[in-house]
Amino acid sequence: MKIYIAYTGGTIGMVPSEQGLTPDAAFADHLAQHLNASDELTHDFVIASYLSLIDSSNATPKDWQTIARDIESRWQDFDAFIVLHGTDTMAYTASALSCMFENGDKPIIVTGSQVPMYKVRTDAMINVMGAISACEALNCVKHHNGVFLFFAGRLIEGDRAHKAHTSDWQAFSSPNCPERGVLGIDWRWAVTDSTQKSMNVRIPEMEEGAVTILPVFPGVQASHWLGLLSENVKGAVLLSYGAGNAPDKDPALLALLKAATDRGVVIVNVSQCGAGSVAAGAYAAGSALVKAGVISGKDMTYEAAFVKLSFLIGLGSSSEEIKNCFS
Ligand code: ASN
512 MKIYIAYTGG
522 TIGMVPSEQG
532 LTPDAAFADH
542 LAQHLNASDE
552 LTHDFVIASY
562 LSLIDSSNAT
572 PKDWQTIARD
582 IESRWQDFDA
592 FIVLHGTDTM
602 AYTASALSCM
612 FENGDKPIIV
622 TGSQVPMYKV
632 RTDAMINVMG
642 AISACEALNC
652 VKHHNGVFLF
662 FAGRLIEGDR
672 AHKAHTSDWQ
682 AFSSPNCPER
692 GVLGIDWRWA
702 VTDSTQKSMN
712 VRIPEMEEGA
722 VTILPVFPGV
732 QASHWLGLLS
742 ENVKGAVLLS
752 YGAGNAPDKD
762 PALLALLKAA
772 TDRGVVIVNV
782 SQCGAGSVAA
792 GAYAAGSALV
802 KAGVISGKDM
812 TYEAAFVKLS
822 FLIGLGSSSE
832 EIKNCFS
């Protein structure tokens, strides 16, 4: 197999500096040495290091676009793609690539590590080797391809991953969807729908700052959200309580939401619980949101809801089209 590996930044290839860990341009060579040292790996690897290597906490929607365009430009030349990325925003990038490479017929696996590769006790190579193994399995055994996040033995659908732990090896969860595969000594695969859908690659010009997140917390006031719902904002993820609730006794708060949805901002309700689904309107406190024009994000992660809004806005979809996509 020909496998393209892109190092975009992140802990996996970081080294110490006076300010703390920072990405290292020499990482691609070190990784190549590791991969070439094994006789068992017979693949052709091309490892690219991005010119601007970042801690993924600096990533913006433009970076998702850059990674997607890079993969698209090499699509015909490789059988599989591995994106090495920081964990902080890995779930957003995996979601974005899922939107951009819909029903992709080759694997795109996003991975990284909790501890840099230069350390003795690192999870870097176990994650890279697992990602390579996922590429082999997806390509050869004809399990369904697509975009996935691989971490600590779990192959998670790209638009279902959530960063769930700061320091465990198992940093990602798949709250509302079974993992596609779990890698122990061998793979255990989930049964999936086997209908082959046609591939649809759409990489829009991504806007920065078009989507915001509105946190709900005890005592939240309209003034807290006013700046977040500024003129240039076209979409928002509302991080509600429980099954989709927010305070319904503050008219100013609801009026602010209603004014935003009236001017075309699409506001998607996703629970801050981390797992489970929004049941829009089950409680009076949730019905008030529905009346203000807020739509349900159902069981999406907030990362996926944020990305899907950004993607559809990038495509130039109207508010109505975006709402239809979510429903
Ligand atoms: N701050 C790092 C990043 O997201 C964290 C990591 O990769 N483990 O780039």
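Under the numbering used here, the first residue of the sequence shown carries the number 512, and numbering increases by one thereafter. For every residue, glycine included, the Cβ atom is placed at its ideal position computed from N, Cα and C.
message: Is THR577 a contact residue of ligand 1, with contact defined as CB to any heavy atom under 8 Å?
response: Flag unset: Cβ of THR577 not near ligand 1.
- request: Determine the direct distance from the alpha carbon of LEU546 to that of PHE538, and round the result to whole angstroms.
  value: PHE538 and LEU546 have their C-alpha atoms roughly 12 Å apart.
- prompt: How many Å lie between PHE817 and LEU694 at the Cα?
  reply: The straight-line gap from Cα to Cα measures roughly 29 Å.
- prompt: Apart from the five residues on each side of it in sequence, which residues of its chain come closer than 7 Å, Cβ to Cβ, to ASN650?
  reply: Answer for ASN650: MET512, ASP590, ALA591 and PRO618, listed in chain order.
- prompt: Helix, strand or coil: how does DSSP classify SER563 here?
  reply: Here SER563 sits in strand by DSSP.
task: Taking PHE822 as the reference, give the member of GLU613, SER807, ASP697 and GLY521 with the closest Cα.
output: PHE822 has its Cα closest to that of GLU613, out of GLU613, SER807, ASP697 and GLY521.
- prompt: Given a threshold of 16 other Cβ atoms within 10 Å of its Cβ, counted over all protein chains shown, does GLN625 qualify as buried or as exposed?
  reply: By the neighbour-count criterion, in which a residue is buried when 16 or more other Cβ atoms sit within 10 angstroms of its Cβ, GLN625 is buried.
query: Is there contact here, the segment 700-711 with the segment 724-736, by at least three beta-carbon pairs under 8 Å?
result: No: the two stretches stay apart, fewer than three of their Cβ pairs being nearer than 8 Å.
task: Tell me whether PRO601 counts as near ligand 1, meaning its Cβ is closer than 8 Å to at least one heavy atom of that ligand.
output: Sequence inspection shows Met at residue 601; the Pro mentioned does not correspond to that position. If you check the C-beta of MET601 against ligand 1, you find a heavy atom less than 8 Å away.
task: State buried or exposed for ALA701, treating a residue as buried only when at least 16 other CB atoms are found within 10 Å of its CB.
output: ALA701 should be labelled exposed.
query: Do you know offhand how far GLY664's Cα is from ASN638's?
result: Spanning the two alpha carbons is a distance of roughly 7 Å.
- prompt: Exposed or buried, which one is GLY730 when buried takes at least 16 other CB atoms within 10 Å?
  reply: Under this definition GLY730 is an exposed residue.
query: Thinking C-alpha only, which one of ARG580, ALA635, GLN544 and LEU608 is nearest GLY521?
result: Nearest Cα to GLY521 within the set ARG580, ALA635, GLN544 and LEU608: ALA635.
query: In three-state DSSP terms, what is GLU647?
result: Helix, per DSSP.
field: Pick from ASN780, ALA786, ALA517 and ASN835 that is closest to ALA579, judged by C-alpha positions
entry: Of ASN780, ALA786, ALA517 and ASN835, the residue nearest in Cα terms is ALA517.
query: Okay, do the segment 801-817 and the segment 742-760 touch, 3+ Cβ pairs below 8 Å being the bar?
result: A contact is defined here as three or more CB-CB pairs under 8 Å, and the segment 801-817 meets this definition with respect to the segment 742-760.
- request: May I ask you to check if the CB of ILE593 is nearer than 8 Å to at least one heavy atom of ligand 1?
  value: No, Cβ of ILE593 sits at least 8 Å from all heavy atoms of ligand 1.
query: Measuring CA to CA, which of PHE556, VAL526, ILE824 and HIS596 is closest to ILE620?
result: Out of PHE556, VAL526, ILE824 and HIS596, the CA that lies nearest to the CA of ILE620 is found in HIS596.
task: Would you mind working out which of THR519, SER606, LEU666 and VAL631 sits nearest GLY641, comparing C-alpha positions?
output: When only C-alpha atoms are compared, the closest one is LEU666.
Nearest to ASP759 (by Cα), restricted to the options GLY792, GLN783, THR772 and SER741: Nearest Cα to ASP759 within the set GLY792, GLN783, THR772 and SER741: GLY792.
Among LYS769, GLY692, ASP773 and MET811, the one whose alpha carbon lies nearest that of SER798: Checked all of LYS769, GLY692, ASP773 and MET811; the closest Cα to SER798 is LYS769.
- prompt: Between SER678, ILE523, LEU725 and GLU718, which lies nearest to ASN743 when the distance is taken from Cα to Cα?
  reply: For the residues SER678, ILE523, LEU725 and GLU718, the minimum Cα distance to ASN743 belongs to GLU718.
- prompt: Is any heavy atom in ligand 1 found nearer than 8 Å to the beta carbon of ASP535?
  reply: Not one heavy atom of ligand 1 sits closer than 8 Å to the Cβ of ASP535.
- prompt: Are there 16 or more other CB atoms within 10 angstroms of the CB of GLU831, so buried, or fewer, so exposed?
  reply: Exposed: under 16 other Cβ atoms inside 10 Å.
message: Could you give the first and the last residue of the continuous alpha helix (DSSP H) run that contains ASN547?
response: First-last of the alpha helix (DSSP H) with ASN547: 538-547.
- prompt: On the three-state DSSP scale, how would you describe LYS513?
  reply: Three-state DSSP puts LYS513 in a strand.
- prompt: What are the start and end residues of the alpha helix (DSSP H) that includes SER798?
  reply: Boundaries of the alpha helix (DSSP H) harbouring SER798: 795-802, taken from the DSSP string.
query: Distance, Cα to Cα, ASP566 vs PRO527?
result: Here the alpha carbon of ASP566 sits roughly 13 Å from the alpha carbon of PRO527.
message: Residues in the same chain with beta-carbon distance under 6 Å from GLY524, minus the five sequence neighbours each way, listed in chain order, please.
response: Within the same chain, TYR518, PRO534, ASP535 and PHE538 come within 6 Å of GLY524 by CB-CB distance, once the 5 residues on both sides are set aside.
- request: Answer with buried or exposed for GLU551, where buried requires no fewer than 16 other C-beta atoms within 10 angstroms of its C-beta.
  value: GLU551 should be labelled exposed.
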